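For reference, the structure is listed below as structure tokens.
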Amino acid sequence: MGFLRKRRPAPQLDSTLWPETGESWSPDGVTVKERYYNLAHAVILVFTSDDPTNIYCTVACLGCHFVSTGIGRGTYHQRHGLKDAAEAANAHATSCHALRRDLPARPDDDTVREQLHQWASNSRRMDGEIQLFLSDLDTSRLTMQRTSAWIETALQQLATDQPDLMRAEPCGYSGRLLFHASRRPN
Ligand SMILES: [Zn+2]
Numbered sequence: 000m001g002f003l004r005k006r007r008p009a010p011q012l013d014s015t016l017w018p019e020t021g022e023s024w025s026p027d028g029v030t031v032k033e034r035y036y037n038l039a040h041a042v043i044l045v046f047t048s049d050d051p052t053n054i055y056c057t058v059a060c061l062g063c064h065f066v067s068t069g070i071g072r073g074t075y076h077q078r079h080g081l082k083d084a085a086e087a088a089n090a091h092a093t094s095c096h097a098l099r100r101d102l103p104a105r106p107d108d109d110t111v112r113e114q115l116h117q118w119a120s121n122s123r124r125m126d127g128e129i130q131l132f133l134s135d136l137d138t139s140r141l142t143m144q145r146t147s148a149w150i151e152t153a154l155q156q157l158a159t160d161q162p163d164l165m166r167a168e169p170c171g172y173s174g175r176l177l178f179h180a181s182r183r184p185n
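Note that the sequence shown covers residues 0 to 185 in numbering that gives the first Met the number 0.
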């Protein structure tokens, strides 16, 4: 916790006039590891998803649209561990002036299913099928607000309903479901 920003005194405001903007928010599917405050008291979260195979952290500012999953681009992208994520959150906290805003609303089930359909569809490649990793959804978890188990069930249903789009099969080793987006047609 060496990078934790010194917590400022809580503003003395009526909680009915000052709704929760992230101080204790923990949406479905996300485990919040640390919280930071920017210069205007907006909350910055360091979180992991509840997918037990995902060891990486994501940083997201609830005041602006800053989100960071790691450093470097493309194949050189190195995902954040907790220490790197804390450094990125702290660096953002010292430069961001965004005001607090309302938390993202929880979407309905159909909206999230459509989002997963889009994700699978956009992931398709011409040169063959490609494995879909739940960790690739990390930047969407604060808006999706669904557990990994819910997402896996939805993806499994999608594979059943649209076998041309994707398939699901249990991993022979762990028994967990693995998801693959089908090859994009020419
Ligand atoms: Zn920010």
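Think of the CB as a built atom: it goes at the ideal place given N, C-alpha and C, for glycine as much as any other residue.
As the structure is a prediction and not an experimental result, all values here were calculated from the model.
1) Decide if T57 is buried, meaning its Cβ has at least 16 other Cβ atoms within 10 Å, or exposed.
2) Collect the residues with a C-beta less than 7 Å away from any heavy atom of ligand 1 and give them in sequence order along the chain.
3) In the structure shown, what three-state DSSP assignment does A180 receive?
4) In this structure, does DSSP put E188 in helix, strand or coil?
5) Given a cut-off of 7 Å on the beta-carbon distance, is the pair M125 and R183 in contact?
6) For A87, which residues of its own chain have a beta-carbon under 6 Å away from its beta-carbon, when the five flanking residues on both sides are left out?
7) Given A158, which residues of its chain have a CB within under 8 Å of its CB, disregarding the five upstream and five downstream residues?
8) Return the CA-CA distance between D160 and Y55, expressed in angstroms with no decimal places.
9) Considering L136, what are the terminal residues of the alpha helix (DSSP H) in which it resides?
10) Grab me the residues of A84's own chain with a C-beta within less than 6 Å of its C-beta, minus the 5 sequence neighbours each way, in chain order.
11) Can you tell me which of the three DSSP states H116 falls into?
12) In this structure, how does DSSP classify H64 when only helix, strand and coil are distinguished?
Looking at the coordinates:
1) The residue is buried, with at least 16 neighbouring Cβ atoms inside 10 Å.
2) Near ligand 1, meaning a Cβ closer than 7 Å to any of its heavy atoms, lie the following residues in chain order: N37, A41, I43, C60, G62, C63, F65, H91, C95 and A97.
3) It is a strand residue.
4) As displayed, the chain neither begins before 0 nor continues past 185, which places residue 188 out of reach and without an answer.
5) The answer is yes: Cβ separation under 7 Å.
6) The residues are V58 and S67.
7) If we look at A158 and ignore the five residues flanking it on each side, its Cβ neighbours are L164, M165, R166, A167 and F178.
8) Straight-line measurement puts the Cα of Y55 at about 31 Å from the Cα of D160.
9) That residue, L136, is in no alpha helix (DSSP H); it is neither H nor E in DSSP.
10) The residues are V45, C56 and V58.
11) Looking at H116 - three-state DSSP - the assignment turns out to be helix.
12) H64 falls in the coil class under three-state DSSP.
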